[in-house]
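Engineer: Chains as they are written, first to last, in our numbering: chain A, 1 to 131; chain B, 1 to 137.
Idealized CB from N, CA, C, for every residue including glycine.
The following block contains the structure, expressed as structure tokens.
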Amino acid sequence: MDAPSNADTAAVRADLGFWRDLAGGDDEAARDLLTLYLEDTSAQIALMVSALAGGNADQVGRAAHACAGSSGTCGVDRLAEMFRRLEQQARDNRLDELTVTLPLIIETFNHVHARLTKMIGASLEAIQEPL
Amino acid sequence: MKTVLIIDDNPVITNIYRGKLSAGGLHTEIASNGEEGLEMLDRCKPDAVLLDLMLPKVNGMDVLKRIRARVEYKTLPVVVFSNSYSTDIMQQAWGVRGHGGAPQVEHHAAERRARVSARDCQQHRGERTGGGPARRD
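So this is what it looks like as structure tokens:
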């Protein structure tokens with residue numbers, strides 16, 4: 001598998017305006033959406049790890065499908081692409097490939113998580129700054 | 001206020017649709033699986049439905065067929081979406097006004113779906129002649 005560098009795969013839309021627009025609301029709505037995306041993707045990845053340990057490729061595929069959709073919608077394109085690849089591998093029941101791809105996804109998601117969490121923090125700091 | 005029923009098990013996606021549709025002045029109801037979606041259809045009397053195809057319990061294609069099997073919902077606008085974007089699946093999705101979900105344009109597709117739903121709400125409202133489901137005004 002051609003694995004892009006971490007710097008590439010961690011590329012996210014790190015401007016709050018993008019997320020605000022996506023959420024259809026204000027900064028708070030954007031932060032809520034960011035938090036929801038990170039929490040839901042974390043939970044789905046945990047589910048994939050557990051399913052893979054149990055040899056359940058179907059469950060891995062379903063979780064990967066969900067993550068591909070939300071990551072693509074949220075502009076986390078490289079991660080979405082990796083989830084789609086994982087989904088296809090799961091559909092084909094290629095368990096050996098899943099064991100390679102999933103750790104790469106986890107590593108990439110950790111970078112994405114760090115960048116988006118930093119953005120949430122910066123946004124909250126801006127609120128707390130005295131006028 | 002017109003109502004859009006969103007049937008999708010992905011909380012991130014439903015959050016985005018809810019935000020966009022609410023910003024457009026539409027009320028939204030959310031069902032997280034096909035079975036719940038069918039139950040909510042009669043309860044909330046939507047003016048349009050956004051329907052994911054890959055759903056737990058009852059899948060989106062079956063939900064769509066069961067919607068269209070009801071005479072009162074023959075003209076109800078339904079927009080289906082799937083990030084699988086399989087042509088075969090989309091071709092099976094008979095009776096739909098539009099579809100979306102090409103993965104590389106997901107964030108644009110979300111906007112487009114919201115616009116389609118708003119437009120279809122207007123059209124559906126105009127099509128009703130008094131025999132259809134009650135509306136929320």
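Go ahead and pull the three-state DSSP assignment for valine 60 of chain A.
Structural biologist: Valine 60 of chain A: helix per DSSP, three-state reduction.
Engineer: Can you find a CB in chain B that lies within less than 7 Å of the CB of leucine 33 of chain A?
Structural biologist: Yes - at least one Cβ of chain B is within 7 Å of the one on leucine 33 of chain A.
Engineer: Distance, Cα to Cα, glutamine 59 of chain A vs alanine 14 of chain A?
Structural biologist: Taking the straight line from one Cα to the other gives about 31 Å.
Engineer: Given leucine 41 of chain B, which residues of its chain have a CB within under 6 Å of its CB, disregarding the five upstream and five downstream residues?
Structural biologist: Excluding residues within five positions, none has a Cβ falling inside 6 Å.
Engineer: Just how far apart, CA to CA, sit isoleucine 120 of chain A and arginine 31 of chain A?
Structural biologist: Spanning the two alpha carbons is a distance of roughly 6 Å.
Engineer: I need the boundaries of the beta strand (DSSP E) containing alanine 31 of chain B, first residue and last residue.
Structural biologist: 27-31 is the span of the beta strand (DSSP E), which, as asked, contains alanine 31 of chain B.
Engineer: Whose Cβ in chain B lies nearer than 9 Å to the Cβ of leucine 36 of chain A?
Structural biologist: Under the 9 Å cutoff, chain B gives Pro11, Val12 and Asn15.
Engineer: Identify which residue in A/Arg115, A/Val112 and A/Leu98 has its Cα closest to the Cα of glycine 54 of chain A.
Structural biologist: Closest option to glycine 54 of chain A, Cα to Cα, is A/Leu98.
Engineer: Taking 7 Å as the CB-CB limit, is alanine 102 of chain B close to chain A?
Structural biologist: Interpretation of alanine 102 of chain B is limited by its pLDDT of 38, a score under 50 that renders its predicted location unreliable; the figure taken from the coordinates is listed afterwards. Judged by the 7 Å Cβ criterion, alanine 102 of chain B is not in contact with chain A.
Engineer: Listed in chain order, which residues of the stretch 20-32 of chain A have Cβ atoms closer than 8 Å to some Cβ of chain B?
Structural biologist: Listed by position, the residues of the stretch 20-32 of chain A near chain B (Cβ gap below 8 Å) are Leu22, Ala23, Gly24, Gly25, Ala29 and Asp32.
Engineer: In whole angstroms, what is the alpha-carbon distance linking glutamate 107 of chain A and valine 12 of chain B?
Structural biologist: Approximately 21 Å between the Cα atoms of the pair.
Engineer: What residues in its chain sit with their C-beta under 6 Å from that of asparagine 93 of chain A, if we drop five residues either side in the sequence?
Structural biologist: Ala57, listed in sequence order.
Engineer: For the alpha helix (DSSP H) that threonine 35 of chain A lies in, which residues bound it at each end?
Structural biologist: Note, threonine 35 of chain A: alpha helix (DSSP H), 27-53.
Engineer: Measure from the alpha carbon of leucine 51 of chain B to the alpha carbon of each residue in B/Ser82, B/Tyr73, B/Ser22 and B/Asn15, then state which is nearest.
Structural biologist: If we check each option's Cα against that of leucine 51 of chain B, B/Ser82 comes out closest.
Engineer: For tyrosine 37 of chain A, which residues in the same chain have their Cβ closer than 7 Å to its Cβ, ignoring the five residues on either side in sequence?
Structural biologist: So the list reads Ser70 and Cys74, once near-sequence residues are dropped.
Engineer: What residues in the stretch 39-51 of chain A have a beta carbon less than 7 Å from any beta carbon of chain B?
Structural biologist: Residues Asp40.
Engineer: How would you list, in chain order, the residues of chain A whose beta-carbon sits under 7 Å from the beta-carbon of lysine 20 of chain B?
Structural biologist: What lysine 20 of chain B touches in chain A: Gly24.
Engineer: Terminal residues of the continuous beta strand (DSSP E) containing leucine 50 of chain B?
Structural biologist: Here the beta strand (DSSP E) through leucine 50 of chain B covers 48-52.
Engineer: If we count Cβ pairs, one from each stretch, closer than 8 Å, do we get three or more for the stretch 15-29 of chain A versus the stretch 39-55 of chain A?
Structural biologist: Not touching, per the Cβ criterion.
Engineer: Assuming the contact rule is C-beta atoms closer than 8 Å, leucine 47 of chain A and alanine 63 of chain A should be a hit. Round their C-beta distance to whole Å, please.
Structural biologist: Leucine 47 of chain A to alanine 63 of chain A, Cβ: 5 Å. Contact.
Engineer: Using the beta-carbon of each residue, which ones in chain A are nearer than 8 Å to alanine 23 of chain B?
Structural biologist: Chain A residues near alanine 23 of chain B: Gly24 and Gly25.
Engineer: Rank B/Ile6, B/Ile30 and B/Cys44 by C-alpha distance to the C-alpha of valine 78 of chain B and give the top, closest one.
Structural biologist: Residue B/Ile6 is the option with its Cα nearest to valine 78 of chain B.
Engineer: If you measure from the beta carbon of glycine 69 of chain A to each beta carbon in chain B, is any gap under 7 Å?
Structural biologist: Judged by the 7 Å Cβ criterion, glycine 69 of chain A is in contact with chain B.
Engineer: Among B/Asn15, B/Arg66, B/Asp9 and B/Val58, whose alpha-carbon lies nearest the alpha-carbon of alanine 23 of chain A?
Structural biologist: Selected option, being the one with the closest Cα: B/Asn15.
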